[in-house]
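Presented below is the structure to which this report refers.
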Amino acid sequence: MRQVVVISTGGTIASRWQGSGFAADARGGDVLATAVVPEDVTVRVVDLMSVNSARLTTAHQLALLRTVREVLADPAVDGIVVTHGTDTLEESAFLLDLHHDDPRPVVFTGAQLPLEAADGDGPRNLHDALLTAASVRDLGVLVVFDGRVHAARGTVKVQTLAADAFADPSGSRVADVEAGGVVVHRRPERPAPLPLPAADAPLPRVDMVMHHCDGDPLLFNAAVEAGAQGIVLVATGAGNATPEIAAAVEAAVARGVLVALTTRVPTGPVAEIYTHGGAVDLAAAGAVLTGTLRAGQARIAVLAATLAATDPAGRTHALRHALAAPVPAAA
Ligand code: ASP
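Adding 1 to a residue's 1-based position in the sequence shown gives its number in my numbering.
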């Protein structure tokens, strides 16, 4: 028998009608009861919380990270499934992936349709996640949805309502769940795991500011004034803004703020091509380009870096480390 632990956090997969709309309120046992448990798998449920994921805080995410560590301290556990709201699933999954140092998998799943929906997608997703958690090793943190298995890094929510909710727009998926088994296509590229943040580490404010036509530095500077220790600039195109915003970035970096640069565009990397406020100038001002990571995961990389070090140079180093993608181990 393989032993899988389900950590339940809420989301649509745990949501019921509240009279005016749906919200998470079910416990993990209720969620598990909807799914067929694969043969030769035993399941234990840990009820961590039951909230919709747009309400999650850094404290919630670090509690999840520590719970995963505690569960994996038991060598009898073969894998973990985290049931999670889809809205911010990519953020929690990436945070856990940056710190994951165990060959056993942590598999995130959820649903687009609520707990009691006829023909909901939750039961199948949970079954597939249990199967994946019981079968694979050395793939890091995964997202299982609609029969597809994605690496946490790079994967984003790509559908607001449809069942195939997740994909890496700039990459390919890791595996498929087929005919009662998991067919692995590739091993995700993962840098060495970051150490677990200290339990008493102060939680940094990390903000996100999006650029657009007629955009000025006001909101970026407001984030600095609000005490942000990290800011993700969600720029246009391959990572472009204005000379005024480049000057604001330079001033923020001089004050010790860690600034990362990503894009509003769904697919492809940011790149140093344009000046006059483009990525050439933003990088020269001290912003760190985040490759193909989209805004939510770029913010998580900045968050992890600000938790990993207290000085600006150490934080920049930790961010570059979190962004690096070394050559994968042989499949
Ligand atoms: N729509 C979300 C979900 O699919 C709600 C949430 O993220 O909690 O779970």
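Yeah, the Cβ is synthetic: ideal placement off N, Cα and C, and Gly gets one too.
Near the ligand ASP: residue i beta-carbon under 7 Å from a heavy atom
i: Pro126; result: It should be pointed out that residue 126 corresponds to Asn in this sequence rather than to Pro. Asn126: no, Cβ never under 7 Å from the ligand ASP.
i: Gln113; result: yes
i: Asp147; result: no
i: Gly29; result: no
i: Gly238; result: no
i: Ala25; result: yes
i: Gly11; result: yes
i: Gly86; result: yes
i: Ala53; result: Going by the sequence as given, residue 53 is Asn instead of Ala. Yes - the ligand ASP has a heavy atom lying nearer than 7 Å to the Cβ of Asn53.
i: Thr291; result: no
i: Thr35; result: no
i: Thr89; result: yes
Rounded straight-line distance, which links the Cα of residue j to that of residue i
i: Arg105; j: Arg3; result: 12 Å
i: Pro329; j: Phe95; result: Its pLDDT being 43, under 50, Pro329 is placed unreliably by the model, and nothing is read from it.
i: Ala286; j: Ala255; result: 9 Å
i: His318; j: Arg154; result: 19 Å
i: Val47; j: Ser9; result: 6 Å
i: Leu65; j: Ala77; result: 20 Å
i: Ala332; j: Arg187; result: At Ala332 the pLDDT is 36, less than 50, meaning the model places this residue with poor confidence; the figure from the coordinates comes in the next sentence. Answer to the nearest angstrom: the Cα atoms are 7 Å apart.
i: Ala25; j: Thr35; result: 15 Å
i: Gly30; j: Pro218; result: 48 Å
i: Val83; j: Thr68; result: 11 Å
i: Ala236; j: Pro192; result: 25 Å
i: Asp102; j: Ala314; result: 24 Å
i: Tyr275; j: Ala305; result: 29 Å
i: Thr43; j: Thr110; result: 18 Å
i: Ile301; j: Gly292; result: 14 Å
i: Val137; j: Ile81; result: 11 Å
i: Phe146; j: His277; result: 42 Å
i: Glu273; j: Pro115; result: 43 Å
i: Leu294; j: Leu197; result: 22 Å
i: Arg321; j: Gln19; result: 44 Å
i: Leu162; j: Pro124; result: 17 Å
i: Asp98; j: Asp139; result: 12 Å
i: Val184; j: Gly257; result: 46 Å
i: Pro270; j: Asp41; result: 42 Å
Where residue i sits in the DSSP three-state scheme
i: Val260; result: strand
i: Ile14; result: helix
i: Glu179; result: strand
i: Thr43; result: strand
i: Ile274; result: coil
i: Thr110; result: strand
i: Thr84; result: strand
i: Leu195; result: coil
i: Gln333; result: The shown model of the chain, from 2 to 332, leaves out residue 333, and the question about it has no answer.
i: Gln4; result: strand
i: Ser136; result: helix
i: Arg321; result: helix
i: Leu308; result: helix
i: Arg149; result: strand
i: Leu116; result: coil
i: Leu57; result: coil
i: Ala296; result: helix
i: Ala64; result: helix
i: Val52; result: strand
i: Val69; result: helix
i: Val281; result: helix
i: Ser9; result: strand
i: Ala94; result: helix
i: Val303; result: helix
i: Val38; result: coil
i: Ala286; result: coil
i: Ala24; result: strand
Residue-level contact to chain B via CB, residue i, 8 Å cutoff
i: Leu66; result: Although the question refers to chain B, the structure presented lacks it and comprises just one protein chain.
Proximity test, residue i beta-carbon vs the ligand PLP heavy atom, cut-off 7 Å
i: Ala242; result: Only the ligand ASP can be found as ligands here, which leaves the ligand PLP out of the picture.
>> Could you tell me which whole alpha helix (DSSP H) segments of length 4 or greater appear in the segment 198-257?
In response: Complete alpha helix (DSSP H) runs here, min 4: 219-226 and 244-255.
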